[in-house]
Structure formats: structure tokens, C-alpha cells
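Report on the structure given below.
Number of protein chains: 2
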Amino acid sequence: MTDTRNTLASLISSAHRLTRIAAQSTGDQTSPAVWRTLSILAADGPMRLGELARASRVAQPTMTRLVQNLASEDLIRRIADVADSRAWLIATTPKGERALAAWRDRLADAAAPFFVGLSDDDWRSLAAAASIVEQRISDTEAAA
Amino acid sequence: MTDTRNTLASLISSAHRLTRIAAQSTGDQTSPAVWRTLSILAADGPMRLGELARASRVAQPTMTRLVQNLASEDLIRRIADVADSRAWLIATTPKGERALAAWRDRLADAAAPFFVGLSDDDWRSLAAAASIVEQRISDTEAAA
DNA sequence: CGGTGATATATAGCCAAGCTATGCTTATTC
DNA sequence: GAATAAGCATAGCTTGGCTATATATCACCG
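Line by line, the protein sequences give chains A and B. Whatever position you read off the first sequence (first residue = 1), add 751 for the numbering used here. Whatever position you read off the second sequence (first residue = 1), add 751 for the numbering used here.
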């Protein structure tokens, strides 16, 4: 038990620092929030603003503003929800998809130097961890 | 090659989202930057402000302000550097160490529900990944 | 069919983290 | 000892994050 607790704590600490590396070493001024949002949309398809806020783990007004910024740069678009005229569906644009792909490329390039010389086993561990976290995070719809 | 690139990209995406989960589900108002800074100091011992800024991957003025805030809450302390009177050594206080430990506990508690039912292999992968990232990140003193 | 409460998004206003540019003080070097 | 470099602080900006609240629509019920 203590083991898994320590694992989680150090996993999250590492995630924090990795996030900073990514932000910094790509020389990218665009914020993590933008890519987080685009990644979610790209992976899970169009969804409502509120749903997107929960998936990205931010408050709804935060997402409202993010979506406004992203829309003004034509990275996402709003689609009227025919079933509920209070709501919108948020979807990526082709430009958004391209930007996301380009970011992932730059990211991989920027991060690669930190990970040179890893064994195949190490790479498998990283890939497995990424996939576990991805799955566990996207499933759960709030554990609060 | 393409494999490792994808692994890195998805690892970092996951890290972004995991960071948000941690920030949110602990119900903690203290920012990631604070814990990142304390973690580094606790792990690597006292160091200069500039050094700390590089380790935490933020610009020096950002660290200056963080250190001011942390010092005002008595979570770190500044020690005069006898060898260079321009510089300070930044060190954790006992209170800072306790706060960090408490945060790690809350973090583990908050994150645990997302990871129930993992196999031993999965846990090993997570632990390995955390340790790999930790090591690779702290070694490298800028790859820019 | 009208009113009441719930739901979906938007607005307002605040704080902190991040940045660049620049200033001030102390070292270092010639 | 004067010029340059190095270490930290200050100023000023942008953006992400939050809570509280407003607005608009839906859904239900009498």
C-alpha cells in the first residue's frame, strides 16, 4: 500500500516537472491548456463545453475562455447542438488538428535528448505508464 | 524511432492531464509551482536561486517571486552564500518539509481512486516510469 | 399554457504563474 | 581601478485558474 502511494506521489511529481520541460524546451509560447484541450477533442471527438471542462479538469468558465481563444484562432469550432439550443458542440478544425500534430512533433524532438540511451525495457515501461494513465484519466468522470 | 516519439508525446500529454487531476482532486489551492520547488529542494538539497530556477525550468524572475512567497510562509529559508555575497542559498525549513510530506499524502489519497485494480505489472510500469523520468530530468542541466 | 426550478453557457473580477526587459549590486578580469 | 560579467530583484504584461453571478433555455407540473 505504502508502495503504491509513493509511486503515485513520485509519478505526479515527475509529471509536473515533465510538463515544465515540455513547455520550455519546445520554445513554444502556447500554453499547456491549449494542447490539453485540443488533445482531448482530437481523441474523443466533439463534445459540449461543460463536458470538455470536466474532461480537462478545469472549471466551466475557464473552458469558456479557452474555447473563445481557440475559436478566434480557428483551432476549434462551435457547432450548434440541435437537441439543446443552450449548448454547443466543440470540435477541432483541420487547422487545429494540424497544429496539434505539429506540437506533438516538436515535443518529441525537444524531449528526445532527455531520454537517449534508454533500454527497450525502459521504453516499454514509459509506453505502458503513458497508456495506463491515459486510460485511467479519461474513463473516470470525477472522483471527487 | 517513430515508436519512441509517440511514446514521448503521449507520455507528456498524460503528464499534463495528471497534473490537472492532482491540482484539482486534492482540493488544494496551493499551486503546482510551490510543490515542484519544494520537491526539488528536498531532493537535491540547498541551492542557489538561479540553479533552482533552472532545475524547476522556470525563468529566474519567476523563481525570485516564488521564493519570496515561500519565504514569507516560512516554507523555505535563505542562507547567505559565504563564497559569493551576490547569491543566496535556498533551503527548505522543517515546516516546508512537513508541508511537502503532507501534500504527497493528500496527493496519493486523491489519486488512488483513479488507479484501483491495477495489476502488479502495471504498478511496476508506473514506478519504473516515474523513476526514469525523475532521473532523466534532474541530471540534465538544460538541453536547449 | 404559464410558472418554477434545473441546466448550459457567458460575464465579471480576482489572484498567481509565467514571460521579457531592465536595473542594481557584487565578482572578475585585464 | 575601470570595464565586463554574473546573480538577483523589480516592473509590467499576458494568460490560466478560480468563485460568484447573470442569462438563456429546457423540463416539468399544475
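Virtual Cβ for every residue (Gly too), placed ideally from N, Cα, C. This structure is a prediction, so every number in the text was calculated from the model and none was measured.
Could you tell me whether any Cβ in chain B is nearer than 7 Å to the Cβ of residue i?
| i | result |
| --- | --- |
| V884 of chain A | yes |
| I827 of chain A | no |
| R805 of chain A | no |
| A850 of chain A | no |
| A766 of chain A | yes |
| P783 of chain A | yes |
| Q775 of chain A | yes |
| A880 of chain A | yes |
Use the C-beta contact count for residue i: other C-beta atoms within 10 angstroms, 16 or more gives buried, fewer gives exposed.
| i | result |
| --- | --- |
| V833 of chain A | exposed |
| V867 of chain A | exposed |
| I830 of chain B | exposed |
| R849 of chain A | exposed |
| A880 of chain B | buried |
| R837 of chain B | exposed |
| G899 of chain B | As displayed, chain B neither begins before 752 nor continues past 895, which places residue 899 of chain B out of reach and without an answer. |
| R816 of chain A | exposed |
| A859 of chain A | buried |
| A852 of chain A | exposed |
Quick check on this structure: which residue in the options has the alpha carbon closest to the alpha carbon of residue i?
| i | options | result |
| --- | --- | --- |
| W839 of chain A | A:L858, A:M814, A:P845 | A:M814 |
| S823 of chain A | A:E885, A:D835, A:T843, A:R805 | A:T843 |
| Q886 of chain B | A:Q819, A:S776, A:F865, A:R756 | A:F865 |
| L789 of chain A | B:S776, B:I791, B:S764 | B:S764 |
| D825 of chain B | B:P845, B:D835, B:V884, B:A773 | B:P845 |
| A806 of chain B | A:R756, A:W786, A:I827, A:I772 | A:I772 |
Please state the DSSP three-state secondary structure of residue i.
| i | result |
| --- | --- |
| L826 of chain B | coil |
| L935 of chain B | There is simply no residue 935 of chain B to check, as chain B begins at 752 and stops at 895 in what is shown. |
| R808 of chain B | coil |
| H767 of chain B | helix |
| T843 of chain B | strand |
| R857 of chain A | helix |
| R837 of chain A | coil |
Nearest chain A C-beta to residue i closer than 7 Å, yes or no?
| i | result |
| --- | --- |
| D873 of chain B | yes |
| I888 of chain B | yes |
| Q811 of chain B | no |
| S761 of chain B | yes |
| Q780 of chain B | no |
Quiz prompt | Three or more C-beta pairs below 8 Å linking the segment 796–815 of chain B and the segment 796–816 of chain A | solution = no
Practice problem: Report yes or no: do three or more beta-carbon pairs, one from the segment 775–794 of chain A and one from the segment 868–879 of chain A, lie closer than 8 Å? | Solution: no
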